[in-house]
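Structure first, then comments.
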C-alpha cells in the first residue's frame, strides 16, 4: 500500500482516538504505512481477494491513500495486550451501529464484547466506506466483505498461525476467548497477542472465509446495551458541539436575506469596535463573522449590515403542487414499462385514479449543526458530524484549495441527522472562516441557519392509476411522479451541493433535462418508485415483489428552489405513501380486506410474511374498509395497514395503525402501532426495536404535522413554533414491534423500514374510521376536516 | 464585560462576561460542561435545561446576570457513569436514547417535575414533558425510563 508523503502534516487525534491507538500499542498511520515486522509469512493462497477489490460498497472511487478495503489490516488490529481495535467507516449516528459492529467483531474473533474498541470514521485511520446512509451499514459490513469479511478472515488466519505454532491441524483447534486452543488437549493453547504481537496480518479479506453460523452466536443477536449510554445520560459524552481546541474562536454565518439573494455590499463599519470581533469574512456570497466568544459572534452577526441583491422569488406555496406538475424542463426516469398499461386500463371494467401530495420536510435536528475547523497554512483538521469523512475531505480540498492528503477529517457525533442535515454545510462554514483567520474556529448554527437552508426531504406529486377486473384483481398499474431537486450530498467534489459551498462560489450538481425517459436498462427500485405489487419486469426478468405484469412507473425530476437531499427514507417514504394508500383505495373498491388484497398481489414471501406477522400481532379484523361503524360525526375509530420492500430488497416491514379521529376538530390520535420487521439476521434485537419504535413515531410526526413553509422570498418554518414536530407530550400510541429473524439471509438495513410505512397506514386507518380519504401530507386537522366534508 | 459569579454543581466560578450572555454559553463554553446543549436558542426544545433552585430553567434564554449567586445544577451534577443518579440509571437501564442529544433536557425536566410531583401519573408526566423535543422519537422508552425513575426515586 502506498501513502503519499505527509511530511508537513501534523496528525491531530482526538483524545479518544489517541487512547485507542495507545491502547493498541502503535501509531495507526505508521502501522498502515508498513511499520512493524511481519510475522505472517506463510502462504495464504486460496484466501486472497482480487487485488482491486478496494472499498466495495461506497468506496469504488476511494482515494489511493485510504486504507484499502480488501486488506484485513484496514479493519482489524490486535495489540500486544490482546485487545482488538476495529476500524470502520460506518458511523454511530445514534442508530446503535457502533454497538452492533463491536458485537460483530467480538463474535467473529471469539473475544468478549468489551475487548473490542471501535474506531469510527477518521481519515487518518479508517477505510473509505462512502457515507453512513441509505440503510447500507448492515449490507456493507455484516455480510461477506469489509468488516465482517475481515473479522472472519482474521479468525481463519489466527487458526492457521496457531496450527503452525502448536503443530496441530486447524480442524483440531478452536478460537475461544482470545486464544486458539486444542479441542482435545487443554494444555495446548496460544493467545492472539502472542500470535500477532502487535504486527500486521498482511493478508487480504477473503469474502469466502467462513462466518460463524448464527446458531453459534453468543454476542451477535443479543440485546447488548449501548456502551455510550452511561456517558450520554450523565453529560460526559463528547458530541461535536463539545470539541474544544486551544485558541479556538467562534464563528457565525450571515445567510442571504432571501432564497437566491446575492451580496451587494457588506458594511464592516457597522460592527467595528464591537467586543470580541476578530474578523468579518466575505467570500463571494458567503458572509460570516469571527469573534472570541460565541455570544459575541451572535451579536456581531446580528448587527452586521449586509445589503443583498434580491433573489428570483419563490412560487406560491398554495399552488405549488400544480406548479410542480407543470414545471419544465424535467429529467425523466422510467423504472418499469411493460408498454401495455394504457391498453389494459382501457380494457378494465373499473379504473381508479388518485393523486397524492408530499411536502418538503426537514431533518430538523434537535441540536443545531456544529463543527470545528483548524486551517493553518496548507494543513487542515476538521471535527465534523458529516456522514462521510472521506467524501468531505475531497469536497473540502476544493473549498479550501488544499491537497486532500493535507486535510484530516475526524467524525464526531452530532445531533441525530436522519440524512443530510446541516452537518456538511456547517463544516464548510467553519473551514472557510478558519482559513480566513488561520486559527481554529467553531461554528454552531442558529435554529434559523439550520432550518431555513438545509437540504430538505423531497416534495412529491404522485399520480396513481390502476384497473380492476370483475374478480377484484388488479389488471394494470401506472405510477407517475414529479419531484424537484437541487444539490445533494457534497460527495468528493461538489461542495456547491449545500448552501455554504454555493455561497462560496461552487456550483451544485448540474440539472440535466431528459425527456422522454429512456427505457430502463436495469431494474432499479432503490427509490421504491415501483409498488410492491408490480412484477418489476426489466430485460425479460421479473425483479419485483408483486404479481402485476402490466406496469409502468416513472418520475419527472424538476429543478428545486430549495436545497434537497436524503431525509430518512428519501423518495421511498413518499412513493410508499402513495402506493400503499392507493392499494387501500383499490381494496376498498374491490370490497376486499386490505390485508388479504395485499397478499393476493404479492409474490415475495419476505413481504407477505411481515404483512401476516403484523396482522397476527394486531389481531387484525379482516373485513373491507371503511368499517361498518365508520362515521363522520363524533369520534371515529379505524385501522389501516401498509407495507414495504425497502429499496426493493433491503429490508421489509408492515405496519398497522389504529386511530381515533375527532371529526369535530379533525384531530387524529394514533392509539396503537404494530410493526413487523425483517432485516435478515438480527444483530441486536434491542437496538433494532429502538430503530423501529423511533421510526414509527418519527413517521407519525411527519405524517401528522411536518411541512416546510415559505412566502414569496424565504422559508418561514424556521423554528419549533413554525415547523411542527410532535413533542414528548403528545398522545403517544402503544408501539409494538414484531421481529422476524432470518439468520439464513443476508443482512439488510433496518433504520428506514418502519418509517416508510407509517403515513399510509394512518391515512388508511382514517379512511377505515370515517370513509374519508386524505391524500395530502401532513394530515393536519384542517385537511382532515376538508376530507370529511367531501 | 463584568465579573459574573456562578455557582455550578457545588463549585463557584467567577467569569468575565457580558452580563446579557445566556447562561448556556457560560456553562458550555467557559466552563466546558457537556450536559447542557444548544438546541434552538429560543427556549423551545429544552436541550439546554438546567436546574435552578429545583426548577427546570432553559439556559439558552436566561442571562447570566440573573443567575448570579444561585445554585445551578447541570446533568453532570446529578451523577457520573460510575455512580449515576436514579433517573440517569433509569435511562441507561431502559436504553432510552438514540442520538442522545435531547437527553439533557429530558432528564433535567423530568427530574424537576418528579422532585415536586413524586406520585404523578403517566398523563401528568407526559404533560410535564410537553415542551421537550426528541427528534429521534425515542418517546416510548423515555416515558418508560421516567416511570422507572419515579419508582426508584420514591424509595
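Residue numbers (my numbering), protein chains in the order written: chain A, 1 to 790; chain B, 791 to 945.
The beta-carbon is built from N, C-alpha and C at its ideal position, and this holds for glycine as well.
- A straight line joining the alpha-carbon of residue 349 (chain A) with that of residue 471 (chain A) spans about 10 Å.
- Along the stretch 882-893 of chain B, the positions whose C-beta sits under 7 Å from a C-beta of chain A are 882, 885, 887, 888, 889, 890, 891, 892, 893, read in chain order.
- Residue 885 (chain B) sits close to residue 686 (chain A), with the two beta carbons spaced by under 8 Å.
- Using a Cβ-Cβ distance cut-off of 8 Å, the stretch 724-732 of chain A and the stretch 692-709 of chain A are in contact, since at least three pairs of beta carbons, one from each stretch, lie closer than that value.
- Minimum Cα-Cα distance from residue 534 (chain A) among the listed residues A:377, A:644, A:757 corresponds to A:644.
- Between residue 646 (chain A) and residue 547 (chain A), the beta carbon gap of about 20 Å keeps them out of contact (Cβ cut-off 8 Å).
- Contact annotation, residue 487 (chain A) with residue 475 (chain A): C-beta distance approximately 40 Å; criterion of less than 8 Å not satisfied.
- In the three-state reduction of the DSSP assignment, residue 751 (chain A) falls in the coil class, being assigned neither a helical nor a strand state.
- Selection A:94, A:186, A:99, A:572 evaluated against residue 358 (chain A) yields A:572 as nearest (Cα-Cα).
- Here the stretch 603-619 of chain A makes contact with the stretch 727-742 of chain A; the two share three or more CB pairs at distances below 8 Å.
- Residue-level contact by beta carbon holds for residue 241 (chain A) and chain B, with a gap shorter than 8 Å.
- No Cβ-Cβ contact shorter than 8 Å links residue 255 (chain A) with residue 298 (chain A).
- In the three-state reduction of the DSSP assignment, residue 284 (chain A) falls in the coil class.
- The straight-line gap separating the alpha-carbon atoms of residue 97 (chain A) and residue 90 (chain A) is approximately 7 Å.
- Look at the stretch 850-867 of chain B: the residues with a C-beta under 9 Å from a C-beta of chain A are 864, 865, 866, 867.
- Spatial neighbours of residue 380 (chain A) in its own chain (CB-CB distance under 8 Å, excluding positions within 5 residues in sequence) are listed in chain order as 373, 374, 396, 400, 402, 406, 407, 408, 431, 434, 435.
- In the same chain as residue 635 (chain A), and ignoring 5 residues on each side of it, the C-beta atoms closer than 8 Å to its own belong to 660, 661, 662, 663, in chain order.
- Per DSSP, the beta-bridge partners of residue 456 (chain A) are A:564.
- At a cut-off of 8 Å between beta carbons, residue 943 (chain B) makes no contact with chain A.
- Comparing alpha carbon positions, the residue from A:762, A:126, A:223 closest to residue 657 (chain A) is A:762.
- Leaving aside the five residues that flank residue 575 (chain A) on each side, the residues in its chain whose CB is nearer than 6 Å to its CB run, in chain order, 528, 529.
- Against chain A, the beta carbon of residue 842 (chain B) has no neighbour under 9 Å; the closest one sits roughly 16 Å away.
- Per DSSP, the unbroken beta strand (DSSP E) holding residue 480 (chain A) starts and ends at 474-485.
- Distance between residue 730 (chain A) and residue 387 (chain A), taken at the CA atoms: about 31 Å.
- Contact annotation: residue 313 (chain A) and residue 713 (chain A) have beta-carbon atoms nearer than 8 Å.
- Taken in chain order, the members of the stretch 362-389 of chain A whose beta-carbon sits within less than 7 Å of a beta-carbon on chain B are 364, 365, 366, 367, 368.
- The Cβ atoms of residue 413 (chain A) and residue 239 (chain A) sit closer than 8 Å to each other.
- The alpha-carbon separation between residue 791 (chain B) and residue 492 (chain A) amounts to approximately 44 Å.
- DSSP, reduced to helix, strand and coil, places residue 309 (chain A) within a strand of the structure shown.
- Rounded to whole angstroms, the gap between the alpha carbons of residue 181 (chain A) and residue 167 (chain A) is 12 Å.
- Residue 792 (chain B) has a beta carbon lying at 8 Å or more from every beta carbon in chain A.
- In the structure shown, the three-state DSSP call for residue 938 (chain B) is helix.
- Using a Cβ-Cβ cut-off of 8 Å, residue 471 (chain A) does not count as an interface residue toward chain B, since no Cβ of chain B sits closer than that to its own.
- Just so you know, the alpha carbons of residue 716 (chain A) and residue 317 (chain A) end up roughly 11 Å apart.
- Here residue 797 (chain B) is not near residue 855 (chain B), since their CB atoms are 8 Å or more apart.
- The three-state secondary structure of residue 337 (chain A), taken from DSSP, is strand.
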